[in-house]
Structure formats: C-alpha cells, structure tokens
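At position 191 of the sequence shown the residue is numbered 191 (UniProt numbering), and the sequence of numbers has no breaks.
A virtual CB, placed ideally from N, CA and C, is assigned to each residue, including glycine.
Predicted, not measured: the structure shown is a model, and the values here were computed from it.
To start, the structure itself, in structure tokens.
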Amino acid sequence: MPEITAARRAFTFSIPRRRDVAIPAPAPAPTPDRAPAPAPTPPPAPTPAPAPAPPPQREPADTATPTSGTPTSITPTTTRPCKTCAHPPCRARRSAKQDRMYGRTREFTAEHRTAAAIQAQHRHTVIWFGESTQSYWAATPTALIEAPDPDTLLLTLWARTAPCPPTPSTAPAPSTPPTPPTPPTPPRPSIRNDPAEMPNRVAKSGHNFTADGF
1 MPEITAARRA
11 FTFSIPRRRD
21 VAIPAPAPAP
31 TPDRAPAPAP
41 TPPPAPTPAP
51 APAPPPQREP
61 ADTATPTSGT
71 PTSITPTTTR
81 PCKTCAHPPC
91 RARRSAKQDR
101 MYGRTREFTA
111 EHRTAAAIQA
121 QHRHTVIWFG
131 ESTQSYWAAT
141 PTALIEAPDP
151 DTLLLTLWAR
161 TAPCPPTPST
171 APAPSTPPTP
181 PTPPTPPRPS
191 IRNDPAEMPN
201 RVAKSGHNFT
211 ADGF
C-alpha cells in the first residue's frame with residue numbers, strides 16, 4: 001500500500017488556474033425563511049400601428065360630351081341619398097335603384113313629360129331628356145343642342161327656328177309708295193227690255209204694233 005500511494009503521488013500533478021478569468025461564485029441556496037427573488041418581467045411588446053382606413057368607395061360617374069366638347073360628369077356622393085331632395089347626385093343614386101321602362105325611370109318622369117311637350121311644338125326636331133347628364137337635348141337639322149333647363153332649351157330653339165328678317169334687296173324702297181290697284185269697271189246696264197226705249201225701237205223697225213199683236 002505505501003508503494004502504491006507513493007507511485008500515485010509521483011504521477012499526479014495539479015493544473016494551474018488562470019488568474020485573469022473570474023470564476024462565478026455559486027448561487028446561495030434558498031433558505032426556508034427567505035423566498036426566492038421573482039424572475040424579471042420582460043418588457044411589453046410594442047403596440048402595432050392601426051391599419052389605414054380604406055378609401056371611400058365611389059360609384060362610377062356618368063360622363064357625357066356636350067356640344068362645347070368639355071365632358072361633364074355627375075359623381076354621386078358616398079353618403080346616403082335623401083328621399084325627396086333635388087340634388088343631382090342624390091337623384092342619380094335614386095334612379096340607379098329603380099326599374100327602367102323604355103329606358104326611363106320614375107325619378108325623372110316630370111322631365112320626360114316636359115321634353116315630350118316641347119317635342120309636340122317643334123316637330124322638325126328630336127327632343128329628349130338625358131338621365132345620365134340630367135339635361136335636355138335637341139337634335140336639329142344643323143346642330144345638337146344641350147340645355148340645363150326647359151327655358152334655355154326654348155330660347156335656343158327659338159333662335160335657330162325663327163324666320164329671318166327680309167334683306168334690303170327684297171324689301172320695297174320707302175320713298176316709292178305702292179301703286180293702288182285699278183278699280184274694276186261696272187257692267188253696262190241692258191236696255192233690251194226697258195219700256196222707255198220701246199217706241200224708238202218700233203220706229204226704227206217700221207212695224208205697227210197693236211194691242212192684239214201684229
């Protein structure tokens with residue numbers, strides 16, 4: 001035994017420790033009268049930014065090209081349309097939900113009747129009311145007319161259909177008075193059956209008439 005112990009001591013050696021490395025001390029064991037420290041609470045996660053609101057949905061606008069060449073559009077609003085107002089956007093939204101009969105809706109019944117009444121007075125033109133532009137239209141032999149109301153349409157039609165004034169070449173000269181017409185000659189009265197001329201006629205003929213005849 002002593003020889004074996006001496007041999008083990010000869011072969012064992014100690015590993016030197018590095019003094020520049022600090023060895024952490026072991027954590028103290030919890031005692032029964034002292035509760036362990038609570039674990040640190042992680043910081044709260046950042047609140048995500050709210051998503052941007054979607055853009056308001058707009059209905060497609062009705063676009064038309066009047067005679068001037070500039071397109072006009074009526075874009076309905078996104079709010080709920082009124083039931084009895086006369087705003088063009090509200091009327092367009094109300095008519096979009098109504099049934100069509102012969103291309104017309106109940107919303108513009110009065111306008112269609114007005115266009116028909118004007119059409120009856122101007123049979124040489126084609127007059128109608130456009131619901132997409134909410135204006136009156138007239139197709140004349142020379143142009144296409146658009147008017148926002150009946151008064152403007154009538155004034156435009158009157159200017160295009162009124163007779164032209166006479167030109168100076170065809171109008172009579174103011175200094176020369178017109179020649180009065182010649183009065184007719186009265187017919188000459190007949191004297192064939194005039195009693196006052198009977199004696200003269202008998203004397204000229206040479207016959208002697210009596211009361212009984214010849």
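- Here A138 is near L157, since their CB atoms are less than 8 Å apart.
- Per the DSSP secondary-structure output, S135 pairs in a beta bridge with G130.
- For A49, there is no enclosing beta strand (DSSP E), as DSSP gives it neither H nor E.
- H112 and W128 have their C-alpha atoms some 7 Å from each other.
- Per the coordinates, the alpha-carbon of D151 lies some 58 Å from the alpha-carbon of P186.
- If you draw a straight line from the Cα of A96 to the Cα of S135, it is about 17 Å long.
- Excluding residues up to 5 positions away in sequence, S95, Q98 and E131 lie with their Cβ nearer than 7 Å to the Cβ of T105 in the same chain.
- A147 sits in a strand when the DSSP states are folded into three classes.
- With 16 or more neighbouring CB atoms inside 10 Å of its own CB, C90 falls in the buried class.
- Collapsing the DSSP output to three states places P89 in a helix.
- In this structure, the beta-carbon distance from T161 to H122 falls below 8 Å.
- For the pair R93 and E107, the Cα-to-Cα distance works out to about 10 Å.
- For T114, the enclosing alpha helix (DSSP H) has its first and last residue at T109 to Q121.
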